[in-house]
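So the sequences go chain by chain: Z and H.
Numbering of the first sequence is given in our numbering, commencing with residue 24 and proceeding in unit increments.
Numbering of the second sequence is given in our numbering, commencing with residue 24 and proceeding in unit increments.
All C-beta atoms, glycine included, are put in the ideal place defined by N, C-alpha and C.
Step one of this worksheet: look at the structure below.
There are 2 protein chains.
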Amino acid sequence: MNKNKKTVSAVKILQNRYVKDQPERKASIQKERINAQVAQLIYNLRQEAGLSQKQLAEKIGTTQSVISRLEDSDYEGHSLSMLERITSVLNKRVIINAVDMNSNAFPVQRV
Amino acid sequence: MNKNKKTVSAVKILQNRYVKDQPERKASIQKERINAQVAQLIYNLRQEAGLSQKQLAEKIGTTQSVISRLEDSDYEGHSLSMLERITSVLNKRVIINAVDMNSNAFPVQRV
DNA sequence: ACTTATTATCGCAATTTTGCTATACTTGTG
DNA sequence: CACAAGTATAGCAAAATTGCGATAATAAGT
């Protein structure tokens, strides 16, 4: 009969863990989100330019596997310098904003 | 009488150098621009939050000298992860766009 | 089915960014 | 001047990102 108890404990543990890690968790979620966004942005830019990963790689002076890694939505290592390099060869430029958390501004877009 | 010749050569050399380095140069200029923009953005965010460098540093789990470095317009090491960390503790989120080089979209702004 | 092109994944070295301490500089205030 | 708060700079170790080759997986075309 400790099945219920166990279940409750488990929930509690999860709750505590969630509440306790709020700040870090928030940062983490945001990180995941922006990672996926940047990956998608790079993919979109490349597609619009009609380039293969290899072609884009050569344009920015790196290799295909690097581009593939950048377009992986789970990749955590996105950087501004890489974005610069990519937009630069595509005759674009990077724009960076910081908006309120609850703003409905579209996350990643191209003008 | 080879003064003219020399001069012409010099101009040619400069031209060649300029043309030759176009892509890298363009990337370089863009890099400088975005570096200064991000530095300014971080400074603005901190000021609006009414925080000292030390206070912001503690919020994101680093030291004052790091924030100072980030706000230096000549600093070349800006990263998305640092921007995330900063916006996260200020209840904001980062938005990244890529626009046409000649677009008049405002480079860095906050909504 | 067989190439060919394209993309994904792995592993490790090289480079870049960050952490951190110490210290100097600046500004304002008593 | 002395003191305190805030900011800037330097140097080096630690951590994260990138370079890059090899190879697997997937897709596309013949």
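- The three-state reading of DSSP puts alanine 121 of chain H in strand, counting E and B together.
- Under a criterion of Cβ atoms nearer than 9 Å, no residue of chain Z is adjacent to arginine 69 of chain H; the nearest Cβ is some 11 Å distant.
- For glutamate 94 of chain H, the uninterrupted alpha helix (DSSP H) segment begins and ends at 87-94.
- Burial of arginine 108 of chain Z is indicated by the presence of at least 16 other C-beta atoms within 10 angstroms of its C-beta.
- Along the stretch 110-130 of chain Z, going in chain order, the ones with a CB nearer than 9 Å to a CB of chain H are Thr110, Ser111, Val112, Leu113, Asn114, Lys115, Arg116, Val117, Ile118, Ile119, Asn120, Ala121, Val122, Asp123, Met124, Asn125, Ser126, Ala128, Phe129, Pro130.
- CA-to-CA, the gap between lysine 115 of chain Z and glycine 73 of chain Z works out to about 15 Å.
- Within chain H, not a single residue places a beta-carbon under 9 Å from that of serine 75 of chain Z; the smallest gap is close to 19 Å.
- At least one C-beta of chain Z is nearer than 8 Å to the C-beta of arginine 108 of chain H.
- Taking the beta carbon of valine 61 of chain H as reference, the chain Z residues within 9 Å of it are Leu103, Ile119, listed in sequence order.
- Closer than 8 Å to the CB of alanine 50 of chain H there is at least one CB belonging to chain Z.
- The residues Ala128, in chain order, have a CB closer than 7 Å to that of valine 122 of chain Z in the same chain once the five nearest residues on each side in sequence are set aside.
- Within the DSSP bridge table, the entry for arginine 116 of chain H names Z:Val122 as partners.
- Per the coordinates, the alpha-carbon of isoleucine 118 of chain Z lies some 25 Å from the alpha-carbon of lysine 77 of chain Z.
- Contact of leucine 93 of chain H with chain Z is not assigned, every C-beta pair being separated by 8 Å or more.
- Comparing C-alpha distances from aspartate 97 of chain H to each of H:Ala50, H:Ser104, H:Thr86, H:Glu55 shows the shortest one belongs to H:Glu55.
- Counting the other Cβ atoms within 10 Å of the Cβ of isoleucine 52 of chain Z gives fewer than 16, which makes it exposed.
- Contact with chain H is absent for glutamine 87 of chain Z, since none of that chain's Cβ atoms lies less than 8 Å from the residue's Cβ.
- In the structure shown, leucine 64 of chain H falls within a helical segment according to DSSP collapsed to helix, strand and coil.
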